[in-house]
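Okay, so the sequence shown: first residue is 1 according to the UniProt record's numbering, each after it adds one.
Note that CB positions come from ideal geometry on N, CA and C, so glycine has one too.
Structure first, commentary second.
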Amino acid sequence: MNYVSAHDHDDEFDPENPMGKPEVPDHVQNAIRTLIEWAGDDPNREGLRDTPKRVGRAWLEYCEGYKEDPAIHLSRIFEEVGGYDEIVLLKDIPFQSHCEHHMAPIIGKAAIAYLPNKKVVGISKLARVLHGYAQRLQIQERLTAEVAQCIWDNLDPHGVAVVIEAQHGCMTGRGVKTPGVGMITSRILGCFLDNDSSRKEVMSLMGY
Ligand SMILES: [Zn+2]
1 MNYVSAHDHD DEFDPENPMG KPEVPDHVQN AIRTLIEWAG DDPNREGLRD
51 TPKRVGRAWL EYCEGYKEDP AIHLSRIFEE VGGYDEIVLL KDIPFQSHCE
101 HHMAPIIGKA AIAYLPNKKV VGISKLARVL HGYAQRLQIQ ERLTAEVAQC
151 IWDNLDPHGV AVVIEAQHGC MTGRGVKTPG VGMITSRILG CFLDNDSSRK
201 EVMSLMGY
């Protein structure tokens with residue numbers, strides 16, 4: 001049995017933080033306390049006492065995308081595709097992001113398609129690219145464009161199409177308060193942009 005003295009448990013097991021969760025610095029906790037007060041509540045009441053810490057940690061997770069370059073997920077490429085030269089489509093990919101104007105949740109789903117040019121990736125990697133960009137402060141238009149561009153730059157495909165459909169907490173919960181209203185954005189590159197029948201094909205596969 002190892003005993004850890006109260007004075008030197010900095011790098012060791014901390015009984016007050018048994019899961020080793022990230023520390024939330026005082027200035028971050030104070031900022032959240034200020035926000036609770038601003039919203040009209042008492043940050044010192046029992047139910048809110050640990051909220052600044054929890055919120056601090058939650059935001060680290062919401063914004064995990066800042067820690068990575070999403071292109072990393074497209075670095076394992078398969079070139080032996082057995083002559084497959086049709087559209088690859090992943091649809092109904094759920095995601096969560098936060099709008100950069102209100103830091104309110106954006107909840108939606110994406111459809112991501114590309115027409116390979118010899119290079120393909122494991123299908124789950126497309127979702128990882130989406131999440132890498134979604135887990136940041138975003139606007140839906142830029143999220144859509146970034147996902148499409150990342151696939152375009154890293155797979156050299158003939159075409160890319162990304163369609164995102166999402167609800168914005170800043171519209172459903174405040175302002176015009178319109179629950180159920182969704183926003184659709186798309187970014188289309190390459191042959192899906194230049195060729196009418198390719199575009200129609202990918203859009204109908206996506207269900208649009
Ligand atoms: Zn917003």
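Note down the Cα distance separating Lys53 from Cys191, rounded to an integer number of angstroms.
Looking at the two C-alpha atoms, the distance is approximately 49 angstroms.
Could you give the DSSP three-state label for Asp139: helix, strand or coil?
With the sequence shown as reference, residue 139 is identified as Ile, and Asp is not the correct amino acid for it. Coil.
Taking only heavy atoms of ligand 1 into account, decide whether any of them is closer than 8 angstroms to the Cβ of Cys63.
The answer is no for Cys63.
How big is the Cα-Cα spacing for Glu201 and Ser186?
One alpha carbon belongs to Glu201, the other to Ser186, and they sit about 15 angstroms apart.
May I ask you to report which of helix, strand or coil DSSP gives Asp92?
Correct three-state label for Asp92: strand.
Using a Cβ-based criterion (distance less than 8 angstroms to any ligand heavy atom), does Met191 qualify as near ligand 1?
The sequence shown places Cys at residue 191, not Met. No.
Excluding the five sequence neighbours on either side, which residues of its own chain have a C-beta within less than 8 angstroms of the C-beta of Ile123, listed in chain order?
The beta carbon of Ile123 is closer than 8 angstroms to those of Val88 and Leu90 in its chain, skipping five residues each way along the sequence.
What separation, rounded to the nearest whole angstrom, lies between the Cα atoms of Tyr84 and His102?
The C-alpha of Tyr84 lies about 44 angstroms from the C-alpha of His102.
Which two residues bound the contiguous beta strand (DSSP E) that contains Lys67?
Unbroken run through Lys67: none, as it is neither H nor E.
Do the CB positions of Val162 and Ile112 come within less than 9 angstroms of each other?
Cβ distance < 9 angstroms, so Val162 and Ile112 count as in contact.
contact_flag[the stretch 39-48, the stretch 57-74] where n(CB pairs < 8 angstroms) is 3 or more
Because the criterion of three Cβ pairs below 8 angstroms is not met, the stretch 39-48 and the stretch 57-74 do not touch.
Who are the near neighbours of Tyr3 in its chain, counting only those whose CB is closer than 7 angstroms to its CB and skipping five residues on each side?
Model confidence at Tyr3 stands at a pLDDT of 44, short of 50, so the residue's coordinates are unreliable; what they give is reported in the following sentence. No residues qualify anywhere along the chain.
Our contact map puts Asn154 next to Leu35 with C-beta atoms below 8 angstroms; I'd like the distance itself, whole angstroms only.
In fact, because the Cβ distance is near 39 angstroms, the residues do not count as touching under 8 angstroms.
At the level of alpha carbons, what is the spacing between Pro22 and Asn195?
Pro22 and Asn195: Cα-Cα distance of roughly 50 angstroms.
Quick one: what does DSSP say Ala6 is sitting in, helix, strand or coil?
Residue confidence is low: Ala6 scores 45 on pLDDT, short of 50, so the model does not pin down where it sits. No coordinate-derived value is stated.
Only counting the same chain, and skipping five residues up and downstream in sequence, which positions put a Cβ closer than 8 angstroms to that of Leu60?
Taken in chain order, the residues that qualify are Pro22.
Proximity to Glu16 [Cα-Cα], best of Ala31, Trp38, Asp50 and Asp41
Distances from the alpha-carbon of Glu16 to those of Ala31, Trp38, Asp50 and Asp41 put Asp50 closest.
Curious, which full-length beta strand (DSSP E) runs of at least 3 residues does the stretch 77-122 contain?
Fully enclosed beta strand (DSSP E) runs of 3 or longer: 88-99 and 105-115.
I need the DSSP call for Glu165, collapsed to helix, strand or coil.
Three-state DSSP puts Glu165 in a strand.
Taking Tyr62 as the reference, give the member of Gly132, Glu79 and Leu126 with the closest Cα.
Per the Cα distances, Gly132.
Ala145: beta carbon under 8 angstroms from a heavy atom of ligand 1?
No, the Cβ of Ala145 stays beyond 8 angstroms of every heavy atom of ligand 1.
When you compare only the Cα positions, how much space is there between Ala166 and Gln140?
Rounded to the nearest angstrom, the two C-alpha atoms are 8 angstroms apart.
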